[in-house]
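S.K.:
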Amino acid sequence: MGEPDSTTEAGTPGDPGPDEGPVLRSTRLPEASTAALRSSLADQAARTHELREALDRLRATLEAAPGASPPGPPPAPRPPQAGRRGSRRPAAGLAVLAIAVVLAAGVTIAVVRAGSEPRGVSTAAPASGTDTATRAPAGAGPGTPGASAFPAAPTTSAPAPVGSPAVLVTRPLPWPGGPVLQPSGLPVTGPGADAPGVELTAALDPDRRHVDVYERVLLRPGETSLRLAPAGLGSLPRALRGARPAVVDLQVEVDGRAVRPVAGRGGWQVTAPEGGAIGRVVLRYRLVGALVRQIPAPPGRATLILRPLAGGVVAATGDPVVVRIHDRRVGAVYCPAARHPTCASTTGRMHTAMVPPDAGAVVLAQVTLP
81 MGEPDSTTEA
91 GTPGDPGPDE
101 GPVLRSTRLP
111 EASTAALRSS
121 LADQAARTHE
131 LREALDRLRA
141 TLEAAPGASP
151 PGPPPAPRPP
161 QAGRRGSRRP
171 AAGLAVLAIA
181 VVLAAGVTIA
191 VVRAGSEPRG
201 VSTAAPASGT
211 DTATRAPAGA
221 GPGTPGASAF
231 PAAPTTSAPA
241 PVGSPAVLVT
251 RPLPWPGGPV
261 LQPSGLPVTG
271 PGADAPGVEL
281 TAALDPDRRH
291 VDVYERVLLR
301 PGETSLRLAP
311 AGLGSLPRAL
321 RGARPAVVDL
331 QVEVDGRAVR
341 PVAGRGGWQV
351 TAPEGGAIGR
361 VVLRYRLVGA
371 LVRQIPAPPG
381 RATLILRPLA
391 GGVVAATGDP
401 VVVRIHDRRV
411 GAVYCPAARH
421 PTCASTTGRM
431 HTAMVPPDAG
441 AVVLAQVTLP
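Here the sequence shown is numbered in this note's numbering, starting from 81 and rising by one per residue.
1. Can you tell me whether Arg318 is buried or exposed? The criterion is at least 16 other CB atoms within 10 Å of its CB, across all chains shown.
2. Residues in the same chain with beta-carbon distance under 8 angstroms from Pro245, minus the five sequence neighbours each way, listed in chain order, please.
3. Mind reading off the beta-carbon distance from Pro400 to Gly302? Whole number of angstroms is fine, and I expect it under 8 angstroms.
4. Starting from Gly277, follow the beta strand (DSSP E) in both directions and report where the run begins and ends.
5. Which residues share a DSSP beta bridge with Leu363?
6. Quick check: the region 272-291 against the region 412-431, are there 3 or more CB pairs under 8 angstroms?
7. Please state whether DSSP places Val327 in a helix, a strand or coil.
8. Express the C-alpha separation of Thr304 and Val350 in angstroms, rounding to a whole number.
9. Measure the C-alpha to C-alpha separation of Arg364 and Arg419 and round it to an integer number of angstroms.
10. Between Val362, Trp255 and Gly344, which has its C-alpha nearest Thr285's C-alpha?
11. Please confirm whether Val362 and Glu333 have their CB atoms less than 8 angstroms apart.
12. Can you give me the C-alpha to C-alpha distance between Ala338 and Met434, rounded to a whole angstrom?
13. Name the two residues that bound the continuous alpha helix (DSSP H) containing Pro395.
14. Leaving aside the five residues before and after Glu130 along the sequence, list all residues of the same chain whose C-beta is less than 7 angstroms from its C-beta, in chain order.
15. Return the first residue and the last residue of the beta strand (DSSP E) that Cys357 is part of.
16. Does DSSP classify Arg132 as helix, strand or coil?
17. Which same chain residues, not among the five before or five after Gly209, have their C-beta less than 7 angstroms away from its C-beta?
18. Are Pro325 and Ile405 close, meaning C-beta to C-beta below 8 angstroms?
19. Do you know how far the Cα of Gly428 is from the Cα of Ala311?
20. Could you give the first and the last residue of the continuous beta strand (DSSP E) run that contains Ser452?
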């Protein structure tokens with residue numbers, strides 16, 4: 081049989097360890113064995129002293145950390161066991177101690193950084209327009225769950241980015257040749273430009289169903305609101321009274337700023353963004369159902385119905401209403417409710433109608449569609 085394993089636990093019945101028996105029971109050991117035992121005990125005492133010093137340093141480090149609870153008393157050192165197992169325990173204890181020191185240093189750095197880092201200011205716009213900073217429950221203080229140990233920094237909201245629902249952005253108006261914010265060739269003088277009144281510029285859409293309209297208004301000083309509503313169709317010939325032209329995609333600008341019109345019965349109400357006076361107004365919209373085919377009529381012939389949305393407001397003050405349309409498919413243009421219906425002039429492909437003050441703001445145009 082081989083020699084007994086030196087790592088076997090001491091105290092096994094019938095098999096005393098090679099070291100324990102002679103040390104505890106023999107009083108006639110040679111001088112060399114006694115000196116070795118004393119050296120081993122001295123080494124153990126030195127290791128125990130080193131362990132105590134390391135624990136004291138760990139305790140001092142933890143006590144110096146903000147918010148750290150005082151450590152408890154260090155555990156009593158366990159007596160070394162015989163054999164190789166006992167010789168490995170001091171090294172294992174030092175390894176555990178080193179790991180504990182590293183963890184304690186990490187906790188200390190994290191606590192110090194958390195207390196010294198400046199907190200940023202929120203620049204995101206809150207969805208509800210209210211302060212979105214996290215707040216502690218009422219009566220909560222330091223140490224209470226949900227409470228902050230530092231005073232909360234004030235939050236500010238940056239303007240919403242362009243294109244977000246909180247900001248109105250004017251979109252280009254569909255137009256022959258490509259979308260535009262403003263049609264080319266508009267007069268720089270006259271009603272709607274530098275004089276009170278309305279100027280409506282219309283264009284037939286290539287789909288032959290829609291009519292695109294750019295309408296600009298210049299009000300007299302002192303106006304704080306504007307009522308937008310098309311004129312009634314009661315003055316039209318009987319064949320056109322059943323028409324139902326509709327306004328879609330209405331966009332409104334007041335003095336260069338996009339605003340949202342408030343829809344009401346039969347029209348819209350427009351006010352300035354800050355509730356002040358209104359000077360210049362620009363409207364962009366499309367008409368559906370404004371091209372009406374009459375029977376009998378030549379093939380492809382239709383009647384275009386144009387009614388400026390701000391015509392009633394300026395007509396009440398006696399200011400002019402001008403309707404312009406540039407298209408080779410347009411023939412005669414007239415004002416059906418005027419005393420002299422022939423209210424338009426033609427220059428090349430441009431047809432311009434001056435609506436008399438005593439007539440409703442309605443203009444008809446004969447259109448031949450291929």
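Here a beta-carbon is modelled for each residue, glycine too, at the ideal position from N, C-alpha and C.
M.R.: By the coordinates alone:
1. Here residue 318 corresponds to residue number 238 of the sequence shown, with the count starting at 1. Under this definition Arg318 is an exposed residue.
2. Numbered from its first residue, the sequence shown carries residue 245 at position 165. Confidence at Pro245 is low in this model, with a pLDDT of 47, below 50, so the placement of that residue is unreliable and no value is reported for it.
3. Taking the sequence shown and counting its residues from 1, the one referred to as residue 400 is at position 320. Taking the sequence shown and counting its residues from 1, the one referred to as residue 302 is at position 222. Their Cβ separation, rounded to whole angstroms, is 19 angstroms, which puts Pro400 and Gly302 out of contact at 8 angstroms.
4. Against the sequence shown, residue 277 aligns to sequence position 197. Per DSSP, Gly277 belongs to the beta strand (DSSP E) from Gly277 to Leu284.
5. Your numbering for residue 363 matches position 283 in the sequence shown. Note: Leu363 sits in a beta bridge opposite Glu295 and Val332.
6. Between the region 272-291 and the region 412-431, the count of C-beta pairs closer than 8 angstroms stays below three; the two stretches do not touch.
7. For this step, residue 327 is matched to residue 247 along the sequence shown. Strand, per DSSP.
8. Against the sequence shown, residue 350 aligns to sequence position 270. Against the sequence shown, residue 304 aligns to sequence position 224. Using only the alpha carbons, I get a separation of about 9 angstroms.
9. In the sequence shown, counting from the first residue as 1, residue 364 sits at position 284. In the sequence shown, counting from the first residue as 1, residue 419 sits at position 339. For Arg364 and Arg419, the distance between alpha carbons rounds to 30 angstroms.
10. Here residue 285 corresponds to residue number 205 of the sequence shown, with the count starting at 1. Sequence check: residue 285 is Asp here, not Thr. If we check each option's Cα against that of Asp285, Trp255 comes out closest.
11. Translated into the one-based positions of the sequence shown, residue 362 becomes position 282. Translated into the one-based positions of the sequence shown, residue 333 becomes position 253. Yes, they are a contact pair.
12. Counted from its first residue, the sequence shown places residue 338 at position 258. Counted from its first residue, the sequence shown places residue 434 at position 354. The alpha-carbon atoms of Ala338 and Met434 are separated by roughly 28 angstroms.
13. Residue numbering aside, residue 395 sits at position 315 when the sequence shown is read from its first letter. Here residue 395 turns out to be Ala, not Pro, going by the sequence shown. Gly391 to Ala396 is the span of the alpha helix (DSSP H), which, as asked, contains Ala395.
14. Walking along the sequence shown from the start, residue 130 turns up at place 50. Contacts found: none.
15. Your numbering for residue 357 matches position 277 in the sequence shown. Contrary to the premise, residue 357 reads as Ala rather than Cys in this sequence. Segment: none, Ala357 is in no beta strand (DSSP E) and carries neither H nor E.
16. Along the sequence shown, read from residue 1 onward, the residue named residue 132 stands at position 52. Arg132: helix per DSSP, three-state reduction.
17. Within the sequence shown, residue 209 is the residue found at index 129, counting from 1. Here Gly209 scores only 34 on pLDDT, less than 50, and its place in the model is too uncertain to base an answer on.
18. If you number the sequence shown from 1, residue 325 lands on position 245. If you number the sequence shown from 1, residue 405 lands on position 325. Pro325 places its beta carbon 8 angstroms or farther from that of Ile405.
19. If you number the sequence shown from 1, residue 311 lands on position 231. If you number the sequence shown from 1, residue 428 lands on position 348. A direct Cα-Cα distance of roughly 29 angstroms separates Ala311 from Gly428.
20. What the structure shows of the chain is the stretch from 81 to 450, and residue 452 is not part of that stretch, so it cannot be assessed.
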